[in-house]
Structure formats: structure tokens, C-alpha cells
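Visitor: One structure is given below, represented as C-alpha cells, and several questions about it will come after.
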Amino acid sequence: MQVKVFESTDMASGLKKVKDELGPDALILSTRTIKNGKLGLLGRPILEITAAIDRSAPLKNGSDKSRPVISPAFTLDPSAGFNHIVDDSLDHLLHQSGSASESTSDHSSCFDSISAGTSSDLTIRNEVNELKNLVKGLAGDISLLQSGLDWLEEQGVEIIRLAPDADGLVTREILAAGFDADKTALVSIMWANNETGLINPVKNLAEFCQEQGVLFHTDAVQAVGKIPVDLQKVPADYLTFSAHKFHGPKGIGGLYVRAGRQLTPLLHGGEQMGGHRAGTVNVAFMVGMGLAMELAVEALDYESSRVRELRDRLEDAILAIPDTVVLGKREHRTPNTILASFRGIEGEAFLWDLDRHGIAASTGSACSSESLEADATLRAMVSDADLAHTAVRFSLSRFTTTEEIDDAVKSVAATVERLRNISSTY
């Protein structure tokens, strides 16, 4: 396989270079504009196009066109892992004549990765918002659910919102204190929090609900691919996950429904996914999601060791900055997440400066980053309102390098110093 990076000042001439050198069947893997550094003709920024071709490997559908071939083995090379996911997805992009629009093998990696009982326990959805609108319940602290819960209350449904403890966790005792077995229909708890990375004791919570005869749902979007998720050990009735959180395609997710549990479809029509979700299945994205989950689960030991080590390296440097706190104990968090508050610095200003240094971060999760309101979990953990509004989330992956962490350390320190020097509140 030949992979090459082409440089150009515009897309048209760049694509012509690709075609001239690799041929018309080359696959464009990525494009990016180099905002900093060298400039092209007339001072225009350079456009980089990465393309690949392998004329020795035909597509699985019998086409004569070439495609890149990437080993499915676990890799720390982000381009190789991504290319393989794209490769398998492209093979299923078009419906093949005479074949079913979905098959068990298309998403077998998904139910294997979370130890679901059988493939019939798993429903594939176009996006995770759709899944969460099917399972609204007693306890949940994700901003995506808020509008759905508000709507249920308008319909006369009583919603009980449970505040986490000082460590940011929903414990069995907290759940029991707000629990009414005669009225409660469903409990919904995040497996791992999207802001702090804190891991709730879902096994204990699910077992408590099982003892009470109440259905239990867990939002595992932030857990799958970061920590072990085993539904043979955790008696959850429903579980949701999203592909983009473990380097899969954006816009597709999965819903696990334990055998024997009922769920009214949100969309009615065809009998796809056992009648749980009508509509033609996005097989290409399903395949990409399955492979991405498989690769992520293979890398769990690396997440727990090397990614955690890099996370701690960055966290130690952040904590060395005066008047800075990191929310949540390390041993209770996923290995890739840091939520830090820097006194005297507004989160949005911090992000602006970090972006200039090439550092991607967020003021909390992407689900609520456009809101200026502090996250409910954050407010429960931090008594100081100013600290709640200065929280910035850093997320690592198995592709993060030591050099990137060291660059981030320097950029964070420089940004804090600059913003505090002009702050009116510090």
C-alpha cells in the first residue's frame, strides 16, 4: 500500500496531484489546512491531503477498484486504525444485490465487546440522542437528557433527580434514599460521567434495582472503550453507547436490551432490529462501529496503564499551578479524563488561548459546552461558584503521545499566566 501526503494551496490542484500520481481510484484519507508555519504562493496557507492506494487488494464486493489494506491488529497509529475502520465501512457502503440489509455479523463485535447475551439483545440506532430519549428515568445528570425529562414532567411523570456525593458519585445509599419501589419505573445512571470521568458503582446500583424489581438503565457512552464493560457481571436491563467515543463513526450508537425486557419503539414502521427500530440499517456505519469497538476493547490494558500514566503526567503539572483544582479522585475516574478549575480564569477565554496553541479542550463535555451554565454534577462537587464556571476538560486517547502532553503542559502554564495577569477577579 502506498500512502502519501500532498501539499497544495487549494483543493482542486491538490486532488489533481493525487490523481496524477496515485490514479483515479486513490482513497482520500484526510485533508487539513496548516494554519501555522509555512505559507504557499501569495501567502496562502498550505492544504495537506493524505491519500492511499493498494492495487494488489480488490474490494470485497468484487470490484476491480483498489483500496488500502490495514491490519486489524491493535495499533497505536491513529491513521492506521482509522483507515482500517474506513476500509471495512466502505466495503458495506452500497447495498449488494441479493443480500440482506443487515446481518448478525455486521455488529457481532459490539455485543461481544460488552458481553451481551446474543445479537438479538442489541439494537443499532442512528445516534445516541435517539437512544436516550427511549430510556429516561429516575437519576441522570447528563445535559442531553434534561429536555427529555422536562417534557416527561409536562406530561405528569414524576422525575427524581439525585445529586451525587462530595466525590461526585451516585452511591447505593443515595439511590436508596430517593427510591420509592411502589412508584419508580426506571432508574437511569451514567456509568462514567461525561464531565469528570468519574465512574459510578453501576454494578451495586443495578443489583439494588434488581432486588427492588425496578428496571435499570446505564448510559455507558463514556465507559465503553475506556474501562471494562461486562453485562454478564452488571445486571443492567438497558445500556446505551456511542461509536464516536471509541474512534468509530459519528452519528451511530447502540442500545442493549436484556432478553425478556420490553421497550416501545420510538420509530414505528419496518421490522428492522427485531422491531425495536424501524428504518433501513446504516450497515457501513454499523461495521465501522463494530470494528472500532473491537480495537478499543483490545486496547483496554493500554488505556489503563499508558494512557493513565500520561493523564497523570498532565494532571500533576496542572496541580502544580497555584489556585487550581482537579475534580474527582484519580482512582475513581476513567484513565483519560481531567476536569480542572483555574481560579480567576473564565473557561471560554481559556479555550480561546489553548486553541491558539493547538490544544483542543472543552468547558465540560461537548453536550453542554455551548451553555454558560455549570454542569449539575460540577455544582454538587464544588461549593465555590467561581470554580464551577472555570472548569476545563482535557481528554486523552490511546493515540496521545508524551510529546503532545509536554506541549500541553507548557501551553496550559503560559495560558494561565497570561489570563491571570489581565484578570479583574484574580
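Under this note's numbering, the residues of the sequence shown are numbered 1128 to 1553, in order.
Here a beta-carbon is modelled for each residue, glycine too, at the ideal position from N, C-alpha and C.
Since the structure is predicted, the reported quantities are computational estimates derived from the model, not experimental observations.
#1: Does the Cβ of Ile1549 have 16 or more other Cβ atoms within 10 Å, making it buried, or fewer, making it exposed?
#2: Mind checking who Lys1131 pairs with in its DSSP beta bridge?
#3: Should Lys1146 go down as buried or exposed, given a rule of 16 or more other Cβ atoms within 10 Å for buried?
#4: Pick out whichever of Thr1407, Gln1273 and Asp1137 has its Cα sitting closest to the Cα of Gly1396.
#5: Mapping DSSP to helix, strand and coil, what is Ile1532?
#6: Nearest CA to the CA of Ala1319: which residue from Gln1337, Leu1296, Ala1304 and Phe1335?
#7: Along the chain, where does the alpha helix (DSSP H) containing Arg1520 start, and where does it finish?
#8: Identify every residue that forms a DSSP beta bridge with Met1317.
#9: Mapping the DSSP letters down to three states, classify Arg1460 as helix, strand or coil.
#10: The beta strand (DSSP E) with Val1452 in it runs from where to where?
#11: What is the DSSP secondary structure of Ile1354, counted as helix, strand or coil?
#12: Could you have a look at Phe1412 and say whether DSSP puts it in helix, strand or coil?
#13: Judging by CA-CA distance, which residue of Leu1446, Thr1528, Val1356 and Ala1363 is the nearest neighbour of Glu1421?
#14: Are the stretch 1362-1374 and the stretch 1441-1457 touching, with three or more C-beta to C-beta distances below 8 Å?
#15: What's the call for Val1543, buried or exposed, on a 16-neighbour Cβ count within 10 Å?
#16: Distance check for Leu1366 and Pro1462, CA to CA, integer angstroms please.
#17: Grab the span of the alpha helix (DSSP H) containing Phe1477 for me, first residue to last.
#18: Going by beta carbon distance, what residues of the same chain come within less than 6 Å of Ala1153, once the five residues before and after it are set aside?
#19: With a 10 Å radius around its C-beta and 16 neighbouring C-beta atoms as the bar for buried, classify Lys1456 as buried or exposed.
#20: By Cβ distance, which residues of its chain are closer than 6 Å to Ala1347, with the 5 residues on each side in sequence left out?
#21: If we ignore side chains and look at the alpha-carbon of each, how far apart do Leu1325 and Arg1460 end up?
#22: Going by Cα to Cα distance, which pick from Gln1359, Glu1442, Ile1354 and Pro1291 is closest to Asp1428?
#23: For Thr1517, I'd like the list of residues in its chain whose CB is within less than 6 Å of its CB, leaving aside the five on either flank, ordered along the chain.
#24: What's the C-alpha gap between Thr1136 and Leu1174?
#25: Between Gly1378, Gln1359 and Ala1370, which lies nearest to Val1384 when the distance is taken from Cα to Cα?
#26: With burial defined as no fewer than 16 other Cβ atoms inside 10 Å of the residue's Cβ, what is the status of Met1138: buried or exposed?
Guide: On the basis of the coordinates in this document:
#1: For this step, residue 1549 is matched to residue 422 along the sequence shown. Label assigned to Ile1549: exposed.
#2: Your numbering for residue 1131 matches position 4 in the sequence shown. DSSP, once it has assigned bridges, lists Ala1178 as partnering Lys1131.
#3: As a working mapping, residue 1146 is identified with position 19 in the sequence shown. Classification for Lys1146: exposed.
#4: Taking the sequence shown and counting its residues from 1, one reaches residue 1396 at position 269. Cα-wise, what sits closest to Gly1396 is Thr1407.
#5: Residue 1532 sits at position 405 when you count from the first residue of the sequence shown. Helix at Ile1532.
#6: As a working mapping, residue 1319 is identified with position 192 in the sequence shown. Of the listed residues, the one whose Cα sits closest to Ala1319 is Leu1296.
#7: Translated into positions along the sequence shown, residue 1520 becomes position 393. Per DSSP, Arg1520 belongs to no alpha helix (DSSP H); it is in the beta strand (DSSP E), Ala1518 to Ser1522.
#8: Along the sequence shown, one-based indexing puts residue 1317 at 190. Paired residues: Asp1346.
#9: Here residue 1460 refers to the residue found at position 333 of the sequence shown. Note: Arg1460 maps to strand in three-state DSSP.
#10: Within the sequence shown, residue 1452 is the residue found at index 325, counting from 1. In the DSSP assignment, Val1452 falls within the beta strand (DSSP E) that extends over Thr1451 to Val1453.
#11: Along the sequence shown, read from residue 1 onward, the residue named residue 1354 stands at position 227. Correct three-state label for Ile1354: strand.
#12: Residue mapping note: residue 1412 aligns to position 285 of the sequence shown, counting from 1. Phe1412 falls in the helix class under three-state DSSP.
#13: Here residue 1421 is taken as the residue at index 294 of the sequence shown, counted from 1. Nearest option by C-alpha distance: Val1356.
#14: no
#15: Reading the sequence shown from its first residue, position 416 is the one you call residue 1543. Buried, by the Cβ-count rule.
#16: For the purposes of this step, residue 1462 is identified with residue 335 of the sequence shown, where counting begins at 1. For the purposes of this step, residue 1366 is identified with residue 239 of the sequence shown, where counting begins at 1. About 21 Å.
#17: Residue mapping note: residue 1477 aligns to position 350 of the sequence shown, counting from 1. Note, Phe1477: alpha helix (DSSP H), Gly1474 to Arg1483.
#18: The residue given as residue 1153 occupies position 26 in the sequence shown. Closer than 6 Å at the Cβ level, and outside the excluded window around Ala1153, lie Val1145, Ala1178 and Ile1180.
#19: Your numbering for residue 1456 matches position 329 in the sequence shown. Exposed, since its Cβ has fewer than 16 Cβ neighbours within 10 Å.
#20: Start at 1 with the first residue of the sequence shown, and residue 1347 comes out as number 220. Scanning its chain for C-beta atoms nearer than 6 Å, with the 5 sequence neighbours on each side dropped, one finds around Ala1347 the residues Trp1318, Val1356, Leu1366 and Phe1368, in chain order.
#21: Translated into positions along the sequence shown, residue 1325 becomes position 198. Translated into positions along the sequence shown, residue 1460 becomes position 333. Approximately 4 Å between the Cα atoms of the pair.
#22: Position 301 of the sequence shown, counted from the start, is the residue given in the question as residue 1428. Ranking the options by Cα distance to Asp1428, first place goes to Ile1354.
#23: Against the sequence shown, residue 1517 aligns to sequence position 390. Contacts found: Ser1468, Phe1469, Ile1472 and Gly1474.
#24: Taking the sequence shown and counting its residues from 1, the one referred to as residue 1136 is at position 9. Taking the sequence shown and counting its residues from 1, the one referred to as residue 1174 is at position 47. Straight-line measurement puts the Cα of Leu1174 at about 6 Å from the Cα of Thr1136.
#25: Locating residue 1384 in the sequence shown gives position 257, where the first residue counts as 1. Closest option to Val1384, Cα to Cα, is Gln1359.
#26: Position 11 of the sequence shown, counted from the start, is the residue given in the question as residue 1138. The residue in question, Met1138, is exposed, as its Cβ has fewer than 16 Cβ neighbours within 10 Å.
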